[in-house]
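Working notes for the structure below.
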Amino acid sequence: MKPAKKLMKEELGQFVDHLSKEYLVYGPVARRSDFSFQEIDSAEDLRFDYTTTTIPPKKFFHHRQTLLRYSGEDYSELESTLEKRFLLLGVHSCDLNAILRHDRLFTRQFHDPYYLKLRRNSAIVALICTHIGNSCFCASLGTGPTIREGFDLLLTDLGNEYLIEVGSSEGQRMIEELNLQKANSSDLEKKEERVKLALTQFVKSMKMDGLNQLALKYLDHEVWSLIGEKGGLAGCFACLSCGNCSLVCPTCYCFEVADIPELSLNQGVRIRELDSCQLLEYAEVALGGNFRRDRKARVRQWMTCKFGGAGGGFDSSCVGCGRCINACPSHIDITEVAKSLRGE
Amino acid sequence: MKLRCGFFKFTGCSGCQMEILRLEDELPPLLEMIEIAYWPMVTSKRWEENLDIAFVEGSVSTPREVKEIKEIRKRSRHLVAFGECAITGCIPSIRNFMTQSEAEETVYEHTDWIESIKPSEISEYVRTDISLPGCPPHRNTILEVIKAVALQRKPHLKHHSVCVECKLKDNNCLLTTEKRPCMGPVTNAGCGAICPSLNRECEGCYGPMSAANASSQSQILAEIGLSMDDVKRKFRKYAGTTDEYRKEAA
Chain G
21 MKPAKKLMKE ELGQFVDHLS KEYLVYGPVA RRSDFSFQEI DSAEDLRFDY
71 TTTTIPPKKF FHHRQTLLRY SGEDYSELES TLEKRFLLLG VHSCDLNAIL
121 RHDRLFTRQF HDPYYLKLRR NSAIVALICT HIGNSCFCAS LGTGPTIREG
171 FDLLLTDLGN EYLIEVGSSE GQRMIEELNL QKANSSDLEK KEERVKLALT
221 QFVKSMKMDG LNQLALKYLD HEVWSLIGEK GGLAGCFACL SCGNCSLVCP
271 TCYCFEVADI PELSLNQGVR IRELDSCQLL EYAEVALGGN FRRDRKARVR
321 QWMTCKFGGA GGGFDSSCVG CGRCINACPS HIDITEVAKS LRGE
Chain D
578 MKLRCGFFKF TGCSGCQMEI LRLEDELPPL LEMIEIAYWP MVTSKRWEEN
628 LDIAFVEGSV STPREVKEIK EIRKRSRHLV AFGECAITGC IPSIRNFMTQ
678 SEAEETVYEH TDWIESIKPS EISEYVRTDI SLPGCPPHRN TILEVIKAVA
728 LQRKPHLKHH SVCVECKLKD NNCLLTTEKR PCMGPVTNAG CGAICPSLNR
778 ECEGCYGPMS AANASSQSQI LAEIGLSMDD VKRKFRKYAG TTDEYRKEAA
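Laid out in C-alpha cells, this is it:
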C-alpha cells in the first residue's frame, strides 16, 4: 500500500479539474429533494455530505444499453462511443460493495461483455460515509461505513482536509502529479474516530446470518401476506408492485432484452434494460401463464433474493443502503421483514 | 403488400389521431408500410374494403356508435382500442358517476334531441385485439403496434408502472421525497414518464397498470394529505369505471 496523502478542502476544485483531464467525472449532486450521481463540471456542485442517491451507481454499468444493430441476417456489435474513461467520485461503501458483487455476478459462468466493457472503462474514488441516513443499515451487514477494497482512491473527510488512501496503481497515477502532503499517523487516527462516530448514528440494523434459509423455509409465513396483501407490518401499506424497490436496489440486476425494429422491419437494434421481479409480466410465459401471479409471491421473491436465497446468491443480496425503504411509497421496510422472519 | 388501415373516431377529442399526424419524419416511411383505407380526418375517401388494422379512438356513447363498432369488428383483422377512451372510457366516463339526465341537463337546453348512452370502452361491445394505452398514446407505441402486426408478433408494450420509467430516467421521486400526489405507482407506463420528468405529478392518463393496487395508492394519497374527495377525483379522472379503480373512484 502506498502512503496516504492529504488534500486540503480548498484544493478540491483543483483535484477535480485534474481528474477531469483524463476522466468524465460523475459525483453526488443535490437536486430538488434528493441526491443523484451527475456529471461534475465544478467541484462546487459536489455534495460529499450526501446520505444516499435515489439511483445507485449501477446506472452507469447496467441500466439500459443498446447491445447490437441488426440488418437482415447480419448484425454488428456497437462500439462504445465513450472517448474518455469515466470516474465515479464519492462512492459510499454500500454502493462499492454492490459494484463488487456485480463484478462477481457478471463473471460467474458467463462473462457479460456489456457490463464488463463499461466496468473496465471506469475508475472509482470512494468516500467514507459519515452522513448516515435514517434508512441506512450497512454497519450491521459488514458492508460499511469502512471500506477496504475495490477503490482506486479512498477519501475521508477529516474536517479541514481529505485523507487520500491509494487502492490501485491507477489511483496512484491520479495523484502523482499533485503535490500533496503526506498524511501522518494522527490523520489515520482521525479517520478511525470519524468511522466510530458514524457507527453511532445508525438507527436501523439487520441480522443477515441465516436469513436466506429462513425465507426459503417459511414460504407461508404471515409476513408475506402482511406486506403483499394486507399491509400492517410496522405501519406499512400493502405492496403496490410498482417495482421501485428493485429498480433502486444496487444489487438487483435482472434485465429484459428486446428488439426494436425500424419501419423498414429488416433492421433495427437490440436493447436491454432493467426489469423487476415485482412486475406482473416478469414471470409471464407463453399463452399467458405466470409463475408469480400473486403480489405476495412477487414481493416474497424479491425479499428472498435480497436475503441471498435466490439465483444470484449473496452476489445479489442486500448491502444495507436503505434505498428500497426510502423509495417504497407503501413504507415496506426490509429490516422489519427480517425481524418478523426471525420471530423478533 | 401494404397493411390496409382504417382510423375511426367515436366519443373522444381526436387527440389520439393527432399523434399519428405528429409522427412527421416517420410519416413517409410509414406510408410505405400502410395504406390509409379510411381516415375522415385526413381524406374524404369512403370506407369500402375490409381492413388489416382498425384503429378506433374514443368511447362508445351513442346507439349509432354501438352499431358502428360491431361493423368495424366484423370487417377488421386486428381491432386496436386506440387510446384510453377506447380502453377505459377515460375522461368521458366521468359522467358515469351521475345520472344520464343530470349529465344531459347540465349541457343541453333541449335534451329530447340527445341520443346518448353512458360512455363505455369498446370492449364492452366487441372483442379487441390490442389495447394501445394513453391519453394520447405515445408515438413510439403506435409505431410498435403497426410494426408488430407487420411482423406478426405480439407488440412490445409496457404494462407496468410509470415508476419504472422514472427510475430508468433517474428522476427525483415526487411521491416519496416531496409528498406530492403522483399516480405513477398505479399508472400504466409507455409515456416515458413525461410529467414527472418535468416536475409534474403523474395524473394517470395511461390508465391502470397490470395488477394496479388502487387500495394502497388511495391510502398513500390520504396519508400525504389529500381529502377523500380528492382521492376519489384522482381515480375518476381517467379510468374511474375500470375494475381496478371502481372502488376508489366511487
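Taken in order, these protein sequences are the chains called G and D.
Residue numbers for the first sequence follow the working numbering, beginning at 21 and rising by one.
Residue numbers for the second sequence follow the working numbering, beginning at 578 and rising by one.
Here a beta-carbon is modelled for each residue, glycine too, at the ideal position from N, C-alpha and C.
Could you tell me the distance, in whole angstroms, from the CA atom of D/Pro-773 to the CA atom of D/Cys-750? 8 Å
Which residues bound the alpha helix (DSSP H) around G/Val-215? 205-219
Determine the closest residue to G/Val-289 out of G/Ile-60, G/Phe-57, G/Glu-97 and G/Val-223, with distance taken between C-alpha atoms. G/Glu-97
What residue range does the beta strand (DSSP E) around G/Arg-280 cover? It should be noted that the sequence gives Ile, not Arg, for residue 280 of chain G. That run of the beta strand (DSSP E) goes 275-281.
Roughly how many whole angstroms lie between the Cα atoms of G/Leu-246 and G/Ile-148? 36 Å
Are any of the Cβ atoms in chain G nearer than 8 Å to that of D/Asp-747? yes
Could you tell me the boundaries of the alpha helix (DSSP H) in which G/Val-268 lies? 264-268
Could you give the distance in angstroms between the alpha-carbon of G/Glu-57 and the alpha-carbon of D/Gly-817? The sequence given here has Phe at residue 57 of chain G, not Glu. Using only the alpha carbons, I get a separation of about 39 Å.
Buried versus exposed call for D/Phe-584 [16 or more other C-beta atoms within 10 Å across all chains shown]: buried
Name the DSSP beta bridge partners of G/Ala-16, please? This structure leaves residue 16 of chain G out entirely; chain G is present only between 21 and 364.
Counting pairs of Cβ atoms below 8 Å between the region 298-307 of chain G and the region 231-251 of chain G, do you hit three or more? no
Select from the region 68-81 of chain G all residues with a C-beta closer than 7 Å to any C-beta belonging to chain D, and list them in chain order. Thr-74, Ile-75 and Lys-79
Do the region 597-604 of chain D and the region 183-198 of chain G touch if we need at least three Cβ pairs shorter than 8 Å? no
For D/Arg-599, the first and last residue of its enclosing beta strand (DSSP E): From DSSP, D/Arg-599 is part of no beta strand (DSSP E); its letter is neither H nor E.
Residues near G/Lys-250 by beta carbon distance below 7 Å, same chain, minus five either side: Ala-258
Classify D/Pro-640: buried if its beta carbon has 16 or more other beta carbons within 10 angstroms, exposed otherwise. exposed
Own chain partners of D/Glu-682 with C-beta closer than 7 Å, once the 5 adjacent residues on each side are dropped: Thr-688
Buried versus exposed call for D/Ser-697 [16 or more other C-beta atoms within 10 Å across all chains shown]: buried
State the Cα-Cα distance for the pair D/Arg-652 and D/Asn-673, rounded to the nearest angstrom. 30 Å
D/Tyr-702: which of D/Lys-647, D/Leu-775, D/Arg-730 and D/Ile-611 sits nearest, CA to CA? D/Lys-647
Name the residue from G/Thr-355, G/Leu-267 and G/Leu-239 whose alpha carbon lies nearest to the alpha carbon of G/Asp-295. G/Leu-267
Sheet register partners of D/Gln-677 (DSSP bridge): Per DSSP, none; premise fails for D/Gln-677.
Consult DSSP for D/Asp-837 and reduce its assignment to one of helix, strand or coil. Nothing about residue 837 of chain D can be read from this structure; chain D reaches only from 578 to 827.
Measuring straight from C-alpha to C-alpha, what distance separates D/Val-657 and D/Gly-769? 21 Å
Does G/Asn-346 come within less than 8 Å of chain D when only Cβ atoms are used? yes
Please classify D/His-687: does DSSP put it in a helix, a strand, or coil? coil
By the DSSP assignment, the beta strand (DSSP E) with D/Phe-865 in it spans what residues? An answer regarding residue 865 of chain D cannot be provided, because it is not within the stretch 578 to 827 covered by chain D.
Relative to the alpha-carbon of D/Leu-608, which residue among D/Leu-580, D/Glu-692, D/Lys-811 and D/Ile-694 has its alpha-carbon at the smallest distance? D/Leu-580
Counting along the chain, where does the alpha helix (DSSP H) carrying G/Tyr-134 start and finish? 133-140
At a threshold of 7 Å, does D/Ile-671 count as lining the ligand GDP (C-beta to nearest heavy atom)? Ligands displayed in this structure: none; no statement on the ligand GDP is therefore possible.
Own chain, CB closer than 7 Å to G/Leu-27, minus 5 neighbours either side, in chain order: Phe-35, Glu-181, Tyr-182, Ile-184 and Leu-200
Quick one: which residues of the region 783-794 of chain D get their C-beta closer than 9 Å to a C-beta of chain G? List them in chain order. Met-786, Ser-787, Ala-788, Ala-789, Asn-790, Ser-792, Ser-793 and Gln-794
I'd like to know if D/Lys-724 contacts chain G, where contact means its C-beta is closer than 8 Å to some C-beta of that chain. yes
Which same chain residues end up closer than 6 Å to G/Leu-44 when comparing Cβ atoms and leaving out the 5 residues on each side of it in sequence? Lys-104 and Phe-106
Once DSSP output is grouped into helix, strand and coil, what is the label at G/Gly-255? helix
Keeping to the same chain, check which residues put their C-beta closer than 7 Å to that of D/Glu-692; ignore five residues upstream and five downstream. Thr-639 and Pro-640
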